[in-house]
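Step one of this worksheet: look at the structure below.
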């Protein structure tokens, strides 16, 4: 570990010991931010918080029961939305009269179906949490436009943008609310919560968003300029299935049947299926970043959120990139906390709803949520502002840890160079090092951690070794390894790969995986990245740096920035590897796998994807003139505190 990292860590620890909780611009921080569509990269701000442990918070129920009713609310264009109102009730199930702070949920997953399920699963779909209602909250869930029992066409947060403010205005006018609103939800529901918060409505007092998307294009749907058809097909199918399982078909068939028919017709002819076809064929509205994706990206207007915000992600979440990015944008403006859990999207979601146990040292999420909303909606002093600032799962230790902030202010950038002999070293390659070649195939990574990650984690429940060991995914890849580490090696933050490549084709993609190799040869996935070679142009004004070294490139993904690919032409490709947190133990190695594709994460759209089906050769250059390497944010072991300690 570099001596300067140790000194930096000591200075930061000393500062934290004498400072109360507040946002400060720490001059020892060497990070810049990652830019967005509307902002340039700038000096990063560090939040100093002395908290290193979680304190469990709970209180007794106030009311013995809950009661739910359904109402319909008409939007300005005449579309009616279904609303499910759950209020505290007495022992006879009669609603208690009064005005309550109100939890607002907007779900695209059919609330009525969720109401039939146990709370641990039903809250994932929009059902009220009786734990919160019995402690003095009203809870209201709206079926989003074109979902559940609501009219209209669902198009993934597009046409619903005009509904959020109208929904909030309706809620605050109801006799059972005191006018203080908390927004909550997981996954799609969390995304709707952020969009609603971005209305800036004064009634919104707090946000609790579990696993939301940040940038719809970059995070998930078109990673690296490649269509993530694998994920989109899973998500669209599940969303359509949930919204056609309308329970009113058994009780009110005449009214429910036309609604279900409309939902199915919209899926096949208006949005879901047409969207997949456009992604495959390379329709410009979908293929490139632009208004379509901006509208569906909460990070676009994240600076319009004025309420304290709690964010949750996971190390292999669908939104692995987006949650830290939004945390960084919010933390200097409003009280913001972030927890990064183990596992995939569905595993993280189930931990937040109580269907799966939370890691050791972390309170149950309904306790955390109660503490958050009691502070900002009830006006109690629960210590919410003194919660740990950032809590992250450490791959390799398999434990949760409280970290100083994100990105880690203790970090230093380390370059690891790809050498001809398959080694990763801190020194540059020799002038005469020769290139290495591999088959340029489109189907690499079919059985890998990526298949689990981009299926929302559903495939991960199948006990296939390739989901936890990337050795199968490394087929059709060139492999590079460090020597065995003599002491624990800690990574925290985004990673960048700078690779010089050529191909025999007129199109291509580049995949880079980063793995933890144990002494037995198991390759535990840490993180990975993928880019379309034509999208390789970097906007340096929006790219993140650490100590003056670029560590998270920004690609515009617009038609004007595309660069051609010619057979045999050597290209420098700067590739973003999504943020991670990992400890590679002494005796382990860091492995980098460079390949031509990662099928579950994305494929080139349109004619370029067709071209990639033809056999070809990709060549990776790693010599003095083409110094291929990765840039890793390394931190000392004392930069975090394990919750188990």
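In the numbering used here, the protein residues as written are 762 to 1406.
Think of the CB as a built atom: it goes at the ideal place given N, C-alpha and C, for glycine as much as any other residue.
Three-way DSSP call (helix, strand, coil) for residue i in this model
i	result
residue 1000	helix
residue 927	helix
residue 1352	strand
residue 1388	coil
residue 832	strand
residue 849	strand
residue 1148	coil
residue 1074	strand
residue 1374	coil
residue 890	coil
residue 1203	coil
residue 1064	helix
residue 1092	coil
residue 1260	strand
residue 995	helix
residue 1326	coil
residue 877	helix
residue 1084	helix
residue 1154	strand
residue 1273	strand
residue 1137	helix
residue 857	coil
Closest residue to residue i among the options (Cα-Cα distance)
i	options	result
residue 1048	1318, 1362, 1351	1318
residue 1188	1246, 1322, 1388	1388
residue 805	1225, 946, 1347, 1169	1169
residue 1104	907, 1221, 1067	1221
residue 1321	1051, 1218, 1165, 1113	1051
residue 851	1120, 1199, 897	897
residue 817	1230, 1133, 1151	1133
residue 1258	975, 1394, 903	1394
residue 1404	814, 792, 1062	814
residue 1287	1315, 1156, 1200	1156
residue 1327	1255, 1268, 1194	1268
Bounding residues of the alpha helix (DSSP H) (the contiguous stretch that carries residue i)
i	result
residue 977	It is not in any alpha helix (DSSP H) - residue 977 carries neither H nor E in the DSSP assignment.
residue 1021	1014-1030
residue 1285	Run containing residue 1285: none in the alpha helix (DSSP H); it sits in the beta strand (DSSP E), 1284-1293.
residue 1173	Taken as a continuous stretch (DSSP letters only), residue 1173 belongs to no alpha helix (DSSP H), being part of the beta strand (DSSP E) at 1173-1179.
residue 1045	1045-1048
residue 1041	1033-1042
Continuous beta strand (DSSP E) stretch holding residue i: start and end
i	result
residue 1340	1332-1345
residue 1407	Examination of residue 1407 is not possible in this model, given that the chain is present from 762 through 1406 alone.
residue 1240	1239-1242
residue 1011	No beta strand (DSSP E) contains residue 1011, which DSSP labels as neither H nor E.
residue 1211	It is not in any beta strand (DSSP E) - residue 1211 instead sits in the alpha helix (DSSP H) that spans 1210-1214.
residue 943	938-947
residue 1313	1310-1313
Exposure label - residue i; buried when at least 16 CB within 10 Å
i	result
residue 1210	buried
residue 999	exposed
residue 1046	exposed
residue 1302	exposed
residue 1015	exposed
residue 1087	buried
residue 1248	exposed
residue 1311	buried
residue 1386	exposed
residue 1112	buried
residue 1148	buried
residue 1171	buried
residue 1154	buried
residue 1142	exposed
residue 799	exposed
residue 1191	exposed
residue 1198	exposed
residue 1343	buried
residue 1285	buried
residue 1384	buried
residue 930	exposed
Inter-residue CB distance, residue i and residue j (contact presumed, cutoff 8 angstroms)
i	j	result
residue 866	residue 849	About 17 angstroms separates the two Cβ atoms, so there is no contact after all.
residue 872	residue 886	7 angstroms
residue 1130	residue 945	7 angstroms
residue 1401	residue 1076	Incorrect: roughly 14 angstroms between the Cβ atoms, too far for contact.
residue 1391	residue 1177	5 angstroms
residue 889	residue 847	4 angstroms
residue 1277	residue 1180	Residue 1277 to residue 1180, Cβ: 20 angstroms. No contact.
residue 1356	residue 1246	Actually they do not touch by this definition, with Cβ atoms about 24 angstroms apart.
Residue-chain proximity (residue i, chain B), Cβ-Cβ < 8 angstroms
i	result
residue 1277	In the structure shown, chain B cannot be found, because there is only a single protein chain.
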